[in-house]
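Asks: Attaching a single structure in C-alpha cells format; questions to follow.
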RNA sequence: CGGGGUGUAGCGCAGCCUGGUAGCGCACCUGAAUGGGGUUCAGGUGGUCGCCGGUUCAAAUCCGGCCACCCCGACCA
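In the numbering used here, the protein residues as written are 1 to 574.
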C-alpha cells in the first residue's frame, strides 16, 4: 500500500478530549473517527488490525471445535422479556419500534437468539456438546462511553455459546475456552491475567475475566501473590482485619456539632475510622434501603446488588433520604423501623462503635450489634482492598488496574429452562441444556494492545496484529536512484507476498520517521543515498533502538525471516 | 442520573468581559530552497462562529431555551 493513496492521515495534534493513550494514538494515527459518543468509524489501518485479530480468534475458535454462524442484530423484544433479561440490561438495551409498532431490541449479546435456534435443531444428547460462535456488531447503550475504543456503544464482539448435557460437560467446554482464550492473547502478543468475576446482567454462576494489566484500566483487580487468587473487585472477597473484643459499654450520646462525615467524626472524637459505623442509603428497584458498614470500609455495590437480588441499584438522592425521615450525617440503624436494613458482616466483629444518633449534630458512643439495633440481612458487601487477607490462604492481598479483554461465564440452565431448551438423554429423560458463553471485544482488544505496547512516539504493534509488517521508507525520493530502488524493492516485496506500507511521499526524513513510529509498523526499511552508496538498506525494528545495514541483494529473504521470527515468538507453543 | 467543563476551518486554539460581520498555528494547494527525527521562506484555498429564539441600527460577543461532546461519580459482559 502506498501511503500517498492510503485513506486516513496522521495528525500532529489530537483533540484535547482524548485522554487515554490508546485513544490519543488511534486518533493521531488517523485510524478511527468518532461519529457519536461511543460510536466510531474504523479507517483502513484500524480495520486491518481488527481483521487480523478476528482471524486469530476465528482460528482458535475453530480449533476448539466451534462452528461459526451469523445472527441478527435486530431481535424481538419479547424474546428478551421471556428470559427477563430486558430488565437485567435495563436502559443498556437499545430498543426501537418497527412500522407496525412491534418492539425490537438491538442485540447487546445473543444468548436468547441462539438458544431459540438451538431448540429448533437439537433434541438429543447425541447433538451435544455444541459450540457455536459469531463475530458481529453488538449494541449497548452504555451510561458513559469513554476512552476511545475501550468503552463504546457499538462494537464488534466474538461470542461463543456452549451447550452441554451436564455440568461436567460444561466444565469441559469452559476449560476448552479458557485454553483457546490463552492462545488468542498469546498470539496477539498481549499478556493477560485470569481473574474471578461477577456475572452481572449476563447471569450465571462461575465467571472469569481476562485482564490486561495497565494503569489506565477501568477495573481494579485484587490478587494474592502467595496462592494466586485473583478477582475483579466487583467480586473479590477478603478477610477483614478483626477488631479486638471489648466489653460492651453503655450507650452514650455525644454532641458532634457539624460533624457529618466519617473522617471528621473520627478525628473529632479521636476514634479510628474502623471503630465507627457508616450508613449509606440506596434505592433498590424503587425500595429505599439502608446499608450499614464499618466506617473504614467501602460498599461494593455489585455485591450489594447480588445480596438484594435487585435489577437496579442506585444511591438515594438527598430528597429521598429526607423523605425517609433520616438525618443525613447523623444517620444510624438505631431505632429505625419500616426500612430494610442491610449490614456488612464487618459489623459483627469488635464492639463499642461510634454511630449516628438520628438527630442533628449528635452521635452515639458504644454502639453494639445486635444489642442496639436489628438488621434484616447480613452479608459480605464490602469492597476488598489491598492489604487485607486473602480469602484462600490468608496472605496479604495486592491490587492492580486492568482492562477486561475477555469474559467467560458458566450460565448453567437458567436460560435453557426459561426458553425451553431441552434435550433427551439416552434413557429418554428430558433435561435442560447446560450453557456457557464466552466473549471477546475486538476493538477493546485492539485498544488494550496499544495501551500496553507503545512509547512516546507511538504504537508498537505485535507482528501478528500489525496492519502491515514492513514500512518501506525511502528518503529524498527526488533522487532518481532512490526512487528507482524504492519502486523496484516495493514491487519485489509485494510480489513475494510481503505486506508493505510504502511511504512514497516527498516528505522530509523527520516526517517519515515520525509517522513510521506513530503507526507502529514492526519493521522499517530505510533507503537513502547514504545506504545506496553501500548497496544497502537500513532495517530497524520498531521495538528496538538500533538499526542495521543490510545488502539490497537478498533483502526480501531477510525480511521474511524477521517476520516469521516475530510471529513464532507469539505462537502458542512458545 | 448527579457534579464539572467545552462547542469558532480537518486538528489545536485566540477573539466574547467592553456588540461593528472573524483571526493565529498545524494540515491542505502553488512555487523555491533545504533536508537522517514533525526544516524554512513566499503566495493561496477553506468557516451556517453547535441549533432555535430574543434584545439591538448591528450579535461569535448580551439574554433565554435546546442539542452535542468530554471529564469525575453513579452505572456498565
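We put the beta carbon where it would ideally sit given N, CA and C, even for glycine.
What span of residues does the alpha helix (DSSP H) with residue 61 cover, start to end?
Replies: Its alpha helix (DSSP H) spans residues 44-63.
Asks: Is it buried or exposed, residue 452, if we count other Cβ atoms within 10 angstroms and call 16 or more buried?
Replies: Buried is the call here.
Asks: What first and last residue would you give for the beta strand (DSSP E) that runs through residue 436?
Replies: That run of the beta strand (DSSP E) goes 434-441.
Asks: Per DSSP, what are the beta-bridge partners of residue 157 in this structure?
Replies: DSSP, once it has assigned bridges, lists 136, 441 as partnering residue 157.
Asks: Round the Cβ separation of residue 298 and residue 383 to the nearest angstrom and send it over; I've been treating them as touching at under 8 Å.
Replies: 4 Å between Cβ atoms; contact.
Asks: If we count the other Cβ atoms within 10 Å of its Cβ and call it buried at 16 or more, is residue 309 buried or exposed?
Replies: Burial call: exposed.
Asks: Decide yes or no for the touch test of the region 59-69 against the region 131-151: beta carbon pairs closer than 8 Å, at least 3 of them.
Replies: The region 59-69, when compared against the region 131-151, does touch it at the 8 Å Cβ threshold.
Asks: Quick one: grab the DSSP three-state call for residue 484.
Replies: Here residue 484 sits in helix by DSSP.
Asks: Let me know if residue 75 comes out buried or exposed under the rule of 16 or more other beta-carbons within 10 Å of its beta-carbon.
Replies: Buried.
Asks: Using CA coordinates, which residue listed in 387, 293, 29, 548 is at the minimum distance from residue 379?
Replies: Among 387, 293, 29, 548, the Cα nearest to that of residue 379 belongs to 293.
Asks: At 3 residues or longer, and completely inside the region 446-495: list those beta strand (DSSP E) runs for me, N to C.
Replies: Runs of the beta strand (DSSP E) inside the region 446-495: 470-474.
Asks: Which same chain residues, not among the five before or five after residue 260, have their C-beta less than 6 Å away from its C-beta?
Replies: Within the same chain, residue 260 has close Cβ partners 329.
Asks: In angstroms with no decimal places, state the Cα-to-Cα distance between residue 487 and residue 472.
Replies: Distance between the alpha carbons of residue 487 and residue 472 is about 10 Å.
Asks: Rounded to whole angstroms, how far is the Cβ of residue 501 from the Cβ of residue 3, which I believe are closer than 8 Å?
Replies: With a Cβ gap of about 6 Å, residue 501 and residue 3 count as contacting.
Asks: What whole-angstrom Cβ distance do residue 324 and residue 347 have, given they're in contact under 8 Å?
Replies: Wrong, their Cβ atoms sit about 21 Å apart, outside the cutoff.
Asks: Using a 10 Å radius around the Cβ and a threshold of 16 neighbouring Cβ atoms, would you call residue 108 buried or exposed?
Replies: Burial call: buried.
Asks: Look at the alpha carbon of residue 286 and the alpha carbon of residue 337, and state the distance between them as a whole number of angstroms.
Replies: The alpha-carbon atoms of residue 286 and residue 337 are separated by roughly 18 Å.
Asks: Just verifying my parser: in three-state terms, what is the DSSP assignment at residue 538?
Replies: Of the three classes helix, strand and coil, the one that applies to residue 538 here is strand, per DSSP.
Asks: Where does residue 406 land, buried or exposed, given buried means 16+ other C-beta within 10 angstroms?
Replies: With 16 or more other Cβ atoms within 10 Å, it is buried.
Asks: Does residue 362 come out as helix, strand or coil in the three-state DSSP assignment?
Replies: DSSP places residue 362 in strand when its eight states are reduced to three.
Asks: Kindly indicate which three-state DSSP category residue 266 falls into: helix, strand or coil?
Replies: Helix at residue 266.
Asks: Restricting to Cα atoms, I'd like to know which of 165, 236, 171 is closest to residue 198.
Replies: Here the closest residue by C-alpha is 236.
Asks: Rounding to the nearest angstrom, what Cα-Cα distance links residue 511 and residue 10 in this structure?
Replies: Cα-Cα distance, rounded: 10 Å.
Asks: Could you check where the beta strand (DSSP E) with residue 407 kicks off and where it finishes?
Replies: Its beta strand (DSSP E) spans residues 397-412.
Asks: Roughly how many angstroms lie between the CA atoms of residue 106 and residue 54, to the nearest whole one?
Replies: Between residue 106 and residue 54, the C-alpha separation is close to 22 Å.
Asks: Going by other Cβ atoms of all chains shown within 10 Å of its Cβ, with 16 needed for buried, is residue 100 buried or exposed?
Replies: Under this definition residue 100 is an exposed residue.
Asks: Between residue 222 and residue 211, which are expected to be in contact by the criterion C-beta below 8 Å, what is the C-beta distance as a whole number of angstroms?
Replies: Rounded, the Cβ-Cβ distance is 11 Å, inconsistent with contact.
Asks: Does the structure place the region 409-421 close enough to the region 430-446 that three or more beta carbon pairs sit under 8 Å?
Replies: Cβ pair count under 8 Å is three or more, so yes.
Asks: To the nearest angstrom, report how far apart residue 141 and residue 439 are at their CA atoms.
Replies: Going by the C-alpha atoms only, they are around 18 Å apart.
Asks: Quick one: measure Cβ to Cβ for residue 559 and residue 521, integer angstroms, because I've assumed they're closer than 8 Å.
Replies: About 12 Å separates the two Cβ atoms, so there is no contact after all.
Asks: Can you tell me which of 278, 318, 343 puts its alpha carbon nearest to the alpha carbon of residue 304?
Replies: With distances taken between Cα atoms, residue 304 lies closest to 343.
Asks: Per DSSP, residue 526 is paired with what?
Replies: According to DSSP, which records beta bridges pairwise, residue 526 is partnered with 473, 538.
Asks: In the structure shown, what three-state DSSP assignment does residue 103 receive?
Replies: Residue 103: strand per DSSP, three-state reduction.
Asks: To the nearest angstrom, how far is the alpha carbon of residue 359 from that of residue 270?
Replies: Rounded to whole angstroms, residue 359 to residue 270 spans 21 Å at the Cα level.
Asks: Along the chain, where does the alpha helix (DSSP H) containing residue 174 start, and where does it finish?
Replies: Looking at the DSSP string, the run of the alpha helix (DSSP H) that includes residue 174 is 167-188.
Asks: Could you check how far apart the C-beta atoms of residue 79 and residue 113 are, in whole angstroms? I think they sit under 8 Å.
Replies: Between residue 113 and residue 79 the Cβ distance is about 7 Å, and since that is below 8 Å, they are a contact.
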